[in-house]
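**Student:** Can you read through this structure? Questions will come right after.
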């Protein structure tokens with residue numbers, strides 16, 4: 001059996017694919033089968049993750065359509081058309097039994113080519129409002145898996161299955177001695193700040209401004225993205241003439257999977273953007289959170305995700321245009337200083353926990369794959 005995984009542009013698309021890949025490999029072991037897995041896209045995103053699951057990378061170009069005016073949108077339309085032709089040729093050669101898409105601009109050429117070749121397509125939508133790629137793919141998808149029930153109204157109801165959010169195994173199994181793995185102490189409450197797989201510059205700026213007030217009481221684990229490490233490190237150092245307060249500030253660029261899971265485990269509170277994958281990972285870790293979604297004019301889905309998650313869990317949403325370092329500090333102090341409100345948030349996250357989504361999607365793909373062989 002051959003299955004192609006596609007979707008990307010961000011870790012929020014890529015890592016759920018890896019979660020489904022993990023589930024497929026587990027099913028392989030249980031059934032004595034070796035499924036051939038392929039990941040198609042403009043780049044491998046994480047060659048290490050693909051190699052760990054024996055997933056072969058297949059290059060396929062894709063054009064990005066931005067939510068704002070750019071002359072690049074015009075040129076990228078032609079890149080997408082070229083990508084469809086490339087995907088058609090490569091899928092014809094591979095002729096997989098199913099294509100699984102997590103959406104994102106990199107999925108468009110592959111899902112269109114698969115539909116032309118009558119290869120079954122399964123998609124998964126994890127946002128509260130569907131993205132353009134999945135809206136398009138829904139027209140010819142065999143099955144549409146969703147993580148939020150409220151997104152079902154955007155799709156043909158006969159295709160929709162509420163499976164939850166596929167999460168990597170690293171977030172389901174406790175990390176042994178996570179504080180030691182991260183190299184941090186256990187004396188203070190820990191605040192994890194993360195902007196997702198690539199960091200978030202505006203969120204970093206707010207946290208830096210708040211550091212002098214936060215480090216007097218808390219340990220800060222700050223994941224900023226590789227491209228921002230030098231800038232953030234320099235800015236943090238310049239805030240203090242005495243270097244000792246930075247002893248409680250732990251700066252990371254990209255956190256490998258095990259360390260990222262460890263950071264969720266040690267955190268007492270998580271301050272984050274509102275990518276759907278991150279939100280469900282927070283729910284699985286049962287941690288209170290403060291959400292700072294990307295502004296709607298840049299990304300429509302994050303704001304919808306944030307408020308849908310807040311309604312379900314009691315998480316706090318702070319709009320970027322209303323945010324200041326004083327507001328951020330006050331909200332952190334409020335949550336960590338009110339044990340009753342804190343526990344209510346913890347209980348709220350448990351209602352969203354789904355540790356079977358990856359297996360449900362793997363079983364759907366296996367069933368469709370068998371019928372297509």
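In UniProt numbering, the protein residues as written are 1 to 373.
Yeah, the Cβ is synthetic: ideal placement off N, Cα and C, and Gly gets one too.
Bear in mind the structure is a predicted one, so any value in this text is a computation, not a measurement.
(1) Which residue or residues does DSSP assign as beta-bridge partners of residue 41?
(2) One question on the structure: do residue 364 and residue 27 come within less than 8 Å of each other, judged by their Cβ atoms?
(3) Which of the three DSSP states is assigned to residue 353 in this structure?
(4) Select from 63, 207, 315 the residue whose C-alpha is nearest the C-alpha of residue 79.
(5) Determine the closest residue to residue 150 out of 126, 170, 254, with distance taken between C-alpha atoms.
(6) Do residue 270 and residue 248 count as a contact pair if the criterion is CB distance below 8 Å?
(7) Along the chain, where does the beta strand (DSSP E) that runs through residue 181 open and close?
(8) Please determine, among 112, 53, 291, 163, the residue with the shortest C-alpha to C-alpha distance to residue 140.
(9) DSSP three-state label for residue 250, please.
(10) For residue 285 and residue 264, I'd like the C-alpha separation in whole angstroms.
(11) Considering Cα atoms alone, identify which of 158, 154, 19 is closest to residue 135.
(12) Decide if residue 236 is buried, meaning its Cβ has at least 16 other Cβ atoms within 10 Å, or exposed.
(13) Return the bridge partner residues of residue 125 from the DSSP annotation.
(14) Under 8 Å between the Cβ atoms of residue 94 and residue 14?
(15) In the DSSP assignment, what are the bridge partners of residue 36?
(16) Could you name the residues of the same chain whose beta carbon sits closer than 6 Å to that of residue 283, not counting the 5 residues immediately before and after it, in chain order?
(17) Is the separation between the beta-carbon of residue 368 and that of residue 207 shorter than 8 Å?
(18) Report back the beta-carbon spacing between residue 156 and residue 128 to the nearest angstrom; my notes put them in contact at under 8 Å.
(19) What ranges does the alpha helix (DSSP H) occupy inside the segment 253-328, keeping only unbroken runs of at least 4 residues that lie completely in it?
(20) Take residue 209 as the anchor and find which of 259, 329, 4, 312 has the nearest alpha-carbon.
(21) Inspect the beta-carbon positions of residue 280 and residue 147 and report whether they are closer than 8 Å.
(22) At what residues does the beta strand (DSSP E) containing residue 220 begin and finish?
(23) Let's test the definition: count the other Cβ atoms within 10 Å of the Cβ of residue 97 and tell me whether it reaches 16, buried, or not, exposed.
(24) What does DSSP give as the partner residue(s) for residue 98 in the beta ladder?
(25) Along the alpha helix (DSSP H) that carries residue 163, what are the first and last residues, could you check?
(26) Going straight from the alpha carbon of residue 103 to that of residue 21, what length do you get?
(27) As a quick exercise: from 117, 152, 116, pick the residue whose alpha carbon is nearest that of residue 131.
(28) From residue 246 to residue 184, what distance separates their C-alpha atoms?
(29) Leaving out five residues on either side along the sequence, give the residues of the same chain with a beta carbon under 8 Å from the beta carbon of residue 278.
(30) Mind checking whether residue 117 and residue 75 have CB atoms under 8 Å apart?
(31) On the DSSP bridge assignment, give the partners of residue 190 in chain order.
**Tutor:** Reading it off the structure:
(1) 59
(2) no
(3) In this structure, residue 353 counts as coil in the three-state DSSP scheme.
(4) 63
(5) 126
(6) In this structure, residue 270 does not lie closer than 8 Å to residue 248 by Cβ.
(7) First-last for residue 181: 178-182, but that is the alpha helix (DSSP H), not the beta strand (DSSP E).
(8) 112
(9) The DSSP-derived three-state label of residue 250 is strand.
(10) 7 Å
(11) 154
(12) buried
(13) 146
(14) no
(15) 2
(16) 349, 352, 353
(17) Taking 8 Å as the Cβ cut-off, residue 368 and residue 207 do not qualify as a contacting pair.
(18) So it is not a contact: roughly 18 Å between Cβ atoms.
(19) 257-266, 276-285, 300-313
(20) By alpha-carbon distance to residue 209, the top candidate from 259, 329, 4, 312 is 329.
(21) yes
(22) 219-223
(23) buried
(24) 3
(25) Where residue 163 is concerned, there is no enclosing alpha helix (DSSP H), given that its DSSP letter is neither H nor E.
(26) 16 Å
(27) The shortest C-alpha separation from residue 131 is found at 152.
(28) 12 Å
(29) 12, 194, 196, 272
(30) no
(31) DSSP, once it has assigned bridges, lists 219 as partnering residue 190.
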